[in-house]
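2 protein chains.
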Amino acid sequence: ALAIEPIELPDVCQTLNSFQWAGVFEGLTNDQRIKLWAFIPVELQSTVLAVMREDARNQFIAVLPQQVIAEAISSATNAEVMGILDVLPKRTAAKLVNKLDPVMQSVLETSLSYSSNQVGRYANANVYTVNEKASVKDLINEIKSSDITNDGGSYFVVDDSLIYVGEVKISDILNSSQKTDVKELVIPNEKVILDQASLLEASDLVRGSNKAALPIVTKTGVFLGQFSIHDALDVFQAHYEEQLAHMGKVSDEDLFAPVAVSARRRAVWLGINLVTAFLASFVIGIFDAVLIEVVALAVLMPIVASMGGITGSQTLTLTIRGLATGQLGKGNFKVLRSKELKVAAINGVLWAMLVTVVTMYWFDNPGLSSILALAMVVNMTIASFAGIMIPMILDKLGIDPALAGSVILTTVTDVTGFFVFLGSATLLFIH
Amino acid sequence: ALAIEPIELPDVCQTLNSFQWAGVFEGLTNDQRIKLWAFIPVELQSTVLAVMREDARNQFIAVLPQQVIAEAISSATNAEVMGILDVLPKRTAAKLVNKLDPVMQSVLETSLSYSSNQVGRYANANVYTVNEKASVKDLINEIKSSDITNDGGSYFVVDDSLIYVGEVKISDILNSSQKTDVKELVIPNEKVILDQASLLEASDLVRGSNKAALPIVTKTGVFLGQFSIHDALDVFQAHYEEQLAHMGKVSDEDLFAPVAVSARRRAVWLGINLVTAFLASFVIGIFDAVLIEVVALAVLMPIVASMGGITGSQTLTLTIRGLATGQLGKGNFKVLRSKELKVAAINGVLWAMLVTVVTMYWFDNPGLSSILALAMVVNMTIASFAGIMIPMILDKLGIDPALAGSVILTTVTDVTGFFVFLGSATLLFIH
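Okay, structure coming up:
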């Protein structure tokens, strides 16, 4: 479907796996991606699309002809198809689904009944299951004739209504007579993932188990597919990369998203920051009288705000991680708060002393140095307090602290820093 | 070894797996950890220690009696023991090793010959391998009698000198006569991990393969053990959490590390930040004449620095991720640079216009509003340029851009912002 221009690909491309191809594509512009697409072995295409980082995939699929997408997903697993359908306009998605074979269509229908954060949506139905009524002989024949891999040395067993009943181990199979029913060998497995679980919950469950994959079941016990430790790794990576992006005040975006798209997304963060910056400016504006009097205040005021900002950010980062991992809760947050306040106070006093010495040499004004030191200690302590309270409160309100926390914190440290520093200067210098 | 005080544990503790126990321990102070330790089932103890986040584990092991550690590691795998030995003083570590059984001692000796970032150090030797000379009958008997799980449906095959020769699939085993030598069924596997590979390289390899684990071999082909997708997940998580911590200007530290330890570690980041802050102050100090003349400059100058900081941070974050994932290199960094500069310029002009309107209402001074707008556009564009060049240069010098990048960037955006804003104000207002 795509015109193949004569491009010379390095030999190494012959041996790339789908992850490596995805990496190559993430490093290209959309124009280059389209040109290179035809060179990816057909059997890898759907996986390459599925494992590309989300926004890069979105940007690319948006410019890929429908027919090419249809070819790519014709051999895809249902979980891969879901990742691709997720980003297409509904009509286009519906058209594509209609072209797939009926079995896949019904699997996709089930997947589509879940929201984008529920693990049921991405249950990999492409796994081998044994009916409990099968005999050991049947099962062995199946294993002999197929290429199925049994992650973790056992197979999923279901009953006639596709209800998950447990697993059967290869050692038990080999130890039994060929006539035995699989039913007799089933080990009930309580480690299942409910279809409604979030992707992160599902990932934690697989990780905590010693298994390479866990079954996903509905409330009534119907087996939907598996969720593997490979899937868990993808989920964790996407989660952490999103958090990192947000800390850098950027969406989790394609390196080569169109300029207009990138500019619009970043504008949101810049706009929010501008409100914060103006707020700080207004606080400074309140004290313009003392700034005219003592110009050194304008020179030194960024130090107060900046040291408070870093202190708060340190506590905020630990608190957010503690909340995300479940290490931190009602039971121990007061212990942490008292610890963090002590750490901030110690560092506040330490660095305030150094700053006092430096500014005494610079401005030779004991009053100025004293209020600078005072403002630093106060701002750093309050910053630390805010660094633990802001995420705790956001978390209680159901707002992601990683997203909103640092903006609010910066507002607090800027406003507090300027207010305490310039306010005490006003008391000291304006008579 | 530890006195068990009468604590009532909730019933749920009975069912915790080692990951969940580790999570509980990370949320406790050292005093509480010691009290709770004896309640962990002995067979889980070594794993709990091994999967605890590194700094929490370090803090805890430092206060744990030697005999208790010895008990915990007596049933541990070599990879788990390595994680524990890594943080002990050399003498204590040597004493503990001497108490282990000779086989484990020799495995550990091999592990210890690798550096802490080489995958050879953490090769899990606790896996089942088949000698190529074994018959299918021997192998089947082995599978029948043991609880070995064959991650991915195949077994590692080695020769008499423990050289890794490939893998044998369960389907091939079942399809062959009992007298067949395993040797005839071996599928040579080129997907191996070299012992000298870094942990991140090894993790990428396992992830890119469709396998649940890959063999780790020496240069001469000797099988050392396996590296599983579970291990890869641990490595990725530690890597990302470290990056997140560094972006928050904090080491990857235990939530409940002692106050003195935390204060000392954070002081490093605060000290570096103070140098940056003073540099900005000196730049402002150059222009004190104009600040006395026009106090509104002091009110507005944080806006210029802050908008530049966010813009730079956005580009920096994407660049660092691009470098870390290999999406970004010599071939495409100019394309990205040009894109980022366009994005920054668009947003610079956009927000500068808004700021002009607001400040015109506020100060009614067209000259002031104009230089503010100019300084914003210049600073945001330079910030974006710096955001891509700083990590590229650091990467070339072999310095981790995630660690040093944002400090250098803040220095650039503060100094540039204040210099351009106050410098042009001096030209305009000082006659």
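Read top to bottom, the protein sequences are chains A and B.
Take the first sequence: its letters are residues 1 to 431, numbered as in the numbering used here.
Take the second sequence: its letters are residues 1001 to 1431, numbered as in the numbering used here.
We treat Cβ as the ideally placed atom computed from N, Cα and C, and that holds for glycine.
Give the DSSP bridge partners of residue i, in chain order.
| i | result |
| --- | --- |
| B/ASP1181 | B/SER1135 |
| A/TYR164 | A/VAL158 |
| A/GLY225 | A/ILE216 |
| B/ILE1371 | Paired residues: none, contrary to the question. |
| B/GLN1118 | B/SER1198 |
| B/ASN1124 | B/GLN1226 |
| A/THR129 | A/PHE156 |
| B/SER1169 | What sits at residue 1169 of chain B in the sequence shown is Lys, not Ser. Bridge partners of B/LYS1169: B/SER1154. |
| A/ILE187 | A/GLU167 |
Is it true that the CB of residue j sits closer than 9 Å to the CB of residue i?
| i | j | result |
| --- | --- | --- |
| B/ASP1181 | B/GLU1132 | yes |
| B/ASN1078 | B/SER1113 | no |
| B/VAL1343 | A/SER262 | yes |
| B/VAL1407 | B/THR1276 | yes |
| B/ILE1286 | B/MET1301 | no |
| B/VAL1136 | B/LYS1179 | yes |
| A/GLY208 | B/ASN1017 | yes |
| B/ILE1229 | B/ALA1212 | yes |
| B/ASP1414 | B/ALA1298 | no |
| B/VAL1119 | B/GLN1196 | yes |
| B/PRO1258 | B/GLN1059 | yes |
| A/SER203 | A/ALA232 | yes |
| B/ILE1163 | B/PHE1223 | yes |
| A/ALA56 | A/LEU199 | no |
| B/LEU1328 | A/GLY27 | yes |
| A/SER370 | A/THR381 | no |
| A/PHE385 | A/LEU341 | yes |
| B/PHE1227 | B/VAL1250 | no |
| A/VAL295 | B/ASP1252 | no |
| B/VAL1107 | B/ALA1134 | no |
| A/ALA373 | A/VAL420 | no |
Using a C-beta to C-beta distance shorter than 8 Å, which residues of chain A count as neighbours of residue i?
| i | result |
| --- | --- |
| B/LYS1219 | Under the 8 Å cutoff, chain A gives no residues; its nearest Cβ is about 21 Å from B/LYS1219. |
| B/VAL1241 | Reading off the sequence, residue 1241 of chain B comes out as Glu, not Val. The contacting residues are TYR240, ARG321. |
| B/TRP1269 | ILE310, GLN314 |
| B/ILE1084 | Near B/ILE1084 there are no residues of chain A at all, since even the closest Cβ is about 20 Å away, more than 8 Å. |
I want to verify the contact list: residues of chain A whose CB lies under 9 Å from the CB of residue i, in sequence order.
| i | result |
| --- | --- |
| B/ASN1124 | Ordered by position in chain A, no residue passes the 9 Å Cβ test against B/ASN1124, which lies about 13 Å from the chain. |
| B/PRO1302 | ALA277, ALA280, SER281, ILE284, MET301, PRO302, ALA305, ASP414, PHE418 |
For residue i, count the other beta carbons within 10 Å of its own beta carbon; 16 or more makes it buried, fewer makes it exposed. Which is it?
| i | result |
| --- | --- |
| A/MET353 | exposed |
| B/GLY1271 | exposed |
| B/GLU1043 | exposed |
| B/LEU1427 | exposed |
| A/ALA1 | For A/ALA1, the predicted structure reports a pLDDT of 46, less than 50, and the residue's modelled location is therefore unreliable. A value from the coordinates is still provided. Exposed. |
| A/VAL63 | exposed |
| B/PHE1282 | exposed |
| B/TYR1155 | buried |
| A/GLU167 | buried |
| A/ALA260 | exposed |
| A/PHE39 | exposed |
| B/LYS1396 | exposed |
| B/VAL1268 | exposed |
| B/GLN1014 | exposed |
| B/ILE1143 | buried |
What does residue i reach in chain A if we use C-beta pairs closer than 7 Å?
| i | result |
| --- | --- |
| B/ASP1288 | VAL295, VAL299 |
| B/ARG1266 | GLN314, VAL343, ASN347 |
| B/ALA1263 | VAL343, ILE346, ASN347 |
| B/ASN1273 | SER306, MET307, ILE310 |
Please compile the residues from chain B whose C-beta is within a distance smaller than 7 Å of the C-beta of residue i.
| i | result |
| --- | --- |
| A/PHE419 | Residues of chain B passing the Cβ test: none, with the nearest at roughly 13 Å. |
| A/MET389 | Chain B residues near A/MET389: none, gap ~16 Å exceeds 7 Å. |
| A/GLU109 | Neighbours of A/GLU109 on chain B: none; closest Cβ ~27 Å, over 7 Å. |
The ligand FMN and residue i: does the residue's C-beta get closer than 8 Å to at least one heavy atom of that ligand?
| i | result |
| --- | --- |
| B/SER1370 | The model depicted lacks the ligand FMN and carries no ligand whatsoever. |
I think residue i touches residue j, with their Cβ atoms under 8 Å apart; what is that distance to the nearest whole Å?
| i | j | result |
| --- | --- | --- |
| B/THR1047 | B/GLU1080 | 6 Å |
| A/GLN66 | A/THR92 | 6 Å |
| B/PRO1401 | B/ILE1303 | Incorrect: roughly 27 Å between the Cβ atoms, too far for contact. |
| A/ALA383 | A/GLY312 | 3 Å |
| B/ASN1379 | B/GLY1417 | 4 Å |
Closer than 8 Å by beta-carbon distance: list the chain B residues that pair up with residue i, in chain order.
| i | result |
| --- | --- |
| A/THR92 | None at all; the shortest Cβ gap to chain B is about 27 Å. |
| A/VAL335 | THR1029, PHE1256 |
| A/THR317 | LEU1244, ALA1245, MET1247, GLY1248, LYS1249, VAL1250 |
| A/ARG207 | PHE1019, HIS1230, LEU1233 |
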